[in-house]
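Novice: With positions in the sequence shown counted from 1, the corresponding number in the working numbering is that position plus 121. Ideal Cβ placement from N, Cα and C applies to all residues, glycine included.
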Amino acid sequence: MRDWQSLSHVRWDCKYHISFVIGFLKGKSAIRIHRETLKEKRVTGLEFWSRGYCVSTVGPDEETIRKYIRDQEKHEKDQMDLEFE
């Protein structure tokens with residue numbers, strides 16, 4: 122494997138816009154996590170991932186990453202209030 126390929130975490134064909142790729146990955150991973158954790162329970166209307174995402178092609182600095190994480194923690198507090206039947 123070439124060095125530049127070994128550092129890739131996610132690689133996609135450039136014909137797909139980044140928003141589609143992230144949405145696809147979030148959707149498929151949420152379905153799989155729900156199937157594995159909820160087993161027989163059928164729950165609708167849940168959102169597993171918070172809305173939005175952070176993409177940087179240059180590399181954000183540490184403060185930008187910390188701010189993004191802090192903002193995500195605010196969204197996660199609402200997720201903790203989910204009720205299962």
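Does the separation of the CB atoms of I143 and Y174 fall below 8 angstroms?
Specialist: Yes, the Cβ-Cβ distance between I143 and Y174 is below 8 angstroms.
Novice: Compute the distance between the beta-carbons of H210 and S171, then report whether it is under 8 angstroms.
Specialist: Outside the modelled stretch of the chain, which goes from 122 to 206, sits residue 210, for which no answer is possible.
Novice: Put G144 into one of helix, strand or coil per three-state DSSP.
Specialist: helix
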